[in-house]
Amino acid sequence: MWRLAGYELRKICCRKMVYVSLAFLIFMNVMTYWRLGPSSERCLTAEGEMLEGVEAIRYMQEFDRRYAGVLTDGRAKEIYESSYPPEAVDKAGGDFWYVCPDILQYLDGAFYESGGMGVESLFTPEMGEIHLGYHRGYSMLLFSMINIMLVVGCVIVIAIAPVYAEEYSRGTDALILTARYGKTLEVKAKLAASFLFSSLLCLAVIAVNYILFFMVYGTEGGDTSVQVDFTKRNWEIPYEMDYMQLAGYCVLIWLMASLLLTGITLVVSAFCNTSFTAVVFAAACYVVPVWFSLPGWAAVLMPAHQMLPQGVLNLGCIRIFGREVMSLWIVAGVCAAAMAVSGIWSKKKFAGRQVV
Amino acid sequence: MELRLDRVTKKYGNKLAVDRLSTVMGHGVYGLLGANGAGKTTLMRMVCDIQTPTEGAILLNGVPVRDMGEEYRDLLGYLPQNFGYYPDFTPWRFMLYIAALKGLSKGAAKEKSMELLKEVGLAEVRNKKIKTFSGGMKQRLGIAQAMLNDPEILILDEPTAGLDPKERVRFRNLISSMAQERLVLLSTHIVSDVEYIAKKILVMKAGQIIHEGSTREILRAVEGKVWECVVPAKQADAMAQQFNVGNLKYVEDGKVLLRVIREGKPAESAVQVEPVLEDVYLYYFEG
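Chains A and B supply the protein sequences, listed in that same order.
Counting from 1, one number per residue, gives the positions in the first sequence under the numbering used here.
Counting from 357, one number per residue, gives the positions in the second sequence under the numbering used here.
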């Protein structure tokens with residue numbers, strides 16, 4: 001079967017549209033890294049000097065290191081009162097809260113804009129102790145990855161939609177289905193190659209971006225609580241989690257989304273007579289749900305919504321047999337079942353095809 | 357070996373593509389003759405188990421082929437009417453892929469692929485992409501892939517389409533040489549493909565076999581009905597409109613030699629001639 005899977009993988013990878021979409025993905029990745037990566041960083045020093053790029057990153061890391069630790073009302077007050085001289089604040093004007101070090105930005109949102117609420121009012125006991133620290137690398141990485149992963153989904157649709165549909169339009173289905181393993185091992189090989197392609201693509205994109213960001217930002221601040229980033233409201237996770245864990249869970253969610261999308265695309269491909277219609281319908285399955293205001297639980301089962309991991313992680317926990325279980329694992333279970341069903345369904349449809 | 361078709365029927369909605377067709381085949385070449393829309397391709401697809409009969413059954417040695425699954429497909433070689441291929445594959449890679457589908461080991465696949473590519477004259481271009489090939493070259497590749505697993509049942513749907521006369525003769529001799537120990541079912545419009553090599557001819561019309569037998573037996577159907585006459589060109593035009601004309605050739609003095617298939621004499625000067633298979637085809641499908 002793996003010999004056949006090799007041929008199927010080759011068929012997937014050697015289409016011109018796949019090359020074009022991969023080129024677009026690389027372009028998007030480069031543009032995103034340039035726009036949101038280390039070179040776009042800015043920071044105002046206490047002396048009123050504006051730093052950029054790696055210099056800004058190193059300054060912010062040193063500043064945040066001084067105040068890293070468990071967040072308390074006392075510590076928040078200490079940070080506010082000892083940080084920046086008024087002259088530096090006046091110099092930046094209205095932009096100060098965008099160019100000051102992260103710790104100040106987050107506290108501004110948590111304690112200043114909300115009218116001086118304390119730690120206990122802003123964070124629930126389920127979130128555990130809130131740890132401050134420099135985590136901007138993680139923050140920017142995950143924010144930029146969301147855009148890139150949405151494009152990865154499009155590449156998957158373009159690459160996988162022809163897996164069955166192209167056999168129909170080329171007339172090669174007649175050759176395959178009359179061969180000894182055409183209705184058995186070959187269909188399994190198609191599934192294996194499709195899921196392998198999607199997982200490798202997803203993991204390669206993640207690996208490249210993670211390496212690029214961590215090479216410059218480092219892994220410092222992985223123990224910072226995600227709830228600290230309160231102002232941006234990116235991660236409203238109602239239970240204890242730090243940025244290192246978040247980065248890991250995001251990898252899992254993106255992989256899950258990629259594989260689920262592959263399963264859906266395979267089913268569409270098995271039912272469509274041409275690659276073009278398969279791409280159109282699969283793309284519709286991917287993109288259209290984004291336009292509807294689906295309830296939380298329905299939304300997180302859609303691959304496009306899953307590419308924005310906040311939706312899955314912000315759902316919280318569910319109590320099962322007396323234990324708190326992250327909703328992520330329930331969603332993962334449902335997605336795994338959906339993948340299995342879609343694989344079996346598409347396999348049966350192709351193997352039972354009446355060649356016309 | 358016995359391949360039995362027992363009242364095989366295929367309907368598409370209200371349209372009857374194959375109508376209660378029954379026949380028995382064993383080793384040897386079977387030529388399936390019929391016009392477009394006669395149901396030949398549908399019949400072949402049912403024999404290959406890639407279309408399900410609406411009624412009836414196809415049995416190999418008494419066992420329905422549908423129930424045999426992989427075992428049946430292992431015995432089968434199929435060249436479809438519109439041979440599908442992957443444009444960016446080379447013939448070598450394509451043959452190795454089909455060989456993998458047919459369950460050949462890597463070593464056997466390479467050996468057999470090279471042998472067949474040499475046989476069909478594509479060995480020297482085996483590393484060029486199929487999209488650069490002519491129609492005839494693609495057809496030869498199709499024939500080669502059908503024979504990869506040394507099939508006991510070889511189904512060829514219009515295999516000589518796109519081949520020049522020399523290639524057709526070569527193909528005919530190839531099929532003839534291998535038909536001793538296998539069943540070859542070959543559909544064609546070119547009667548010379550089967551005239552000399554077929555053990556049995558099956559004439560198909562409107563989903564039914566209207567005549568079957570050896571070439572000699574088939575020819576008996578039109579014995580005494582094939583005429584040749586030389587007439588003036590004007591009369592030839594009128595006769596071409598009125599009768600089933602198999603051949604029309606301009607000879608000297610503005611006259612035309614006509615070959616007519618008809619029950620009675622088409623003209624006073626007409627003489628009876630020995631029928632050939634093409635006359636049978638025209639008799640059934642043009643009349």
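Built from N, CA and C at the ideal position, the CB exists for glycine as well.
All values reported here derive from a predicted model rather than from experimental measurement.
Asked, Found
"For Lys-458(B), return the contacting residues in chain A, with the cut-off set at a CB-CB distance below 9 angstroms.", "Ala-179, Arg-180, Tyr-181, Gly-182"
"For Val-559(B), report the span of its beta strand (DSSP E) as first-last.", "556 to 561"
"Looking only at its own chain, which residues have a Cβ that is under 7 angstroms from the Cβ of Asp-102(A), when we skip the five neighbours before and after it?", "Met-60, Asp-64, Tyr-134, Arg-136"
"What in chain A is Cβ-close to Thr-408(B), meaning under 7 angstroms?", "Gln-354"
"According to DSSP, is Val-632(B) helix, strand or coil?", "coil"
"Determine the chain B residues that contact Gly-171(A) at a beta-carbon separation under 8 angstroms, and present them in chain order.", "Pro-436, Asn-438, Phe-439, Gly-440"
"Are the Cβ atoms of Glu-240(A) and Leu-4(A) separated by less than 8 angstroms?", "no"
"Taking 8 angstroms as the threshold (C-beta atoms), are Tyr-7(A) and Tyr-453(B) in contact?", "yes"
"Counting only beta-carbon separations shorter than 8 angstroms, does Cys-14(A) have a partner in chain B?", "yes"
"Quick check: is the beta carbon of Leu-9(A) nearer than 8 angstroms to any beta carbon in chain B?", "no"
"Hey, how far is the Cα of Met-326(A) from the Cα of Leu-313(A)?", "8 angstroms"
"Return the chain-ordered list of same chain residues with a C-beta closer than 7 angstroms to the C-beta of Gly-395(B), the five sequence neighbours on each side being excluded.", "Ala-373, Val-374, Met-560, Gly-563"
"Just reading off the beta strand (DSSP E) that Val-612(B) is part of, what are its end residues?", "611 to 617"
"Closer than 7 angstroms by beta-carbon distance: list the chain A residues that pair up with Tyr-664(B), in chain order.", "This structure leaves residue 664(B) out entirely; chain B is present only between 357 and 643."
"Would Glu-62(A) count as contacting chain B if we go by Cβ distances under 8 angstroms?", "no"
"Is any beta-carbon of chain A found at less than 8 angstroms from that of Glu-411(B)?", "no"
"Here's the rule: buried if 16 or more other CB atoms are within 10 angstroms of the residue's CB, otherwise exposed. What is Leu-200(A)?", "exposed"
"Hey, out of Leu-141(A), Gly-53(A), Cys-317(A), whose CA is closest to Ile-211(A)'s CA?", "Leu-141(A)"
"Where Lys-16(A) and Pro-443(B) are concerned, what is the direct C-alpha to C-alpha distance, given to the nearest angstrom?", "12 angstroms"
"Would you check if the distance between the CB atom of Met-595(B) and the CB atom of Leu-614(B) is smaller than 8 angstroms?", "yes"
"Whose Cβ in chain B lies nearer than 9 angstroms to the Cβ of Leu-175(A)?", "Tyr-434, Leu-435, Pro-436, Phe-439, Gly-440, Tyr-441, Ile-454, Leu-457, Gly-498, Gln-501, Ala-502"
"Using a beta-carbon distance below 8 angstroms, is Glu-426(B) in contact with chain A?", "yes"
"How long is the line joining the alpha carbons of Tyr-552(B) and Val-525(B), rounded to whole angstroms?", "11 angstroms"
"So the beta strand (DSSP E) Leu-71(A) belongs to, where does it begin and stop?", "It is not in any beta strand (DSSP E) - Leu-71(A) carries neither H nor E in the DSSP assignment."
"Distance check for Ala-257(A) and Gln-306(A), CA to CA, integer angstroms please.", "6 angstroms"
"So for His-567(B), helix, strand or coil by DSSP?", "strand"
"How would you list, in chain order, the residues of chain B whose beta-carbon sits under 9 angstroms from the beta-carbon of Leu-4(A)?", "Tyr-453, Ala-456, Leu-457"
"Once the 5 residues before and after Gly-382(B) are set aside, which same chain residues still bring their CB inside 8 angstroms of it?", "Met-357, Glu-358, Leu-359, Leu-539"
"List, in chain order, every chain A residue whose beta-carbon is nearer than 9 angstroms to that of Cys-404(B).", "Ala-174, Leu-177, Thr-178, Val-355"
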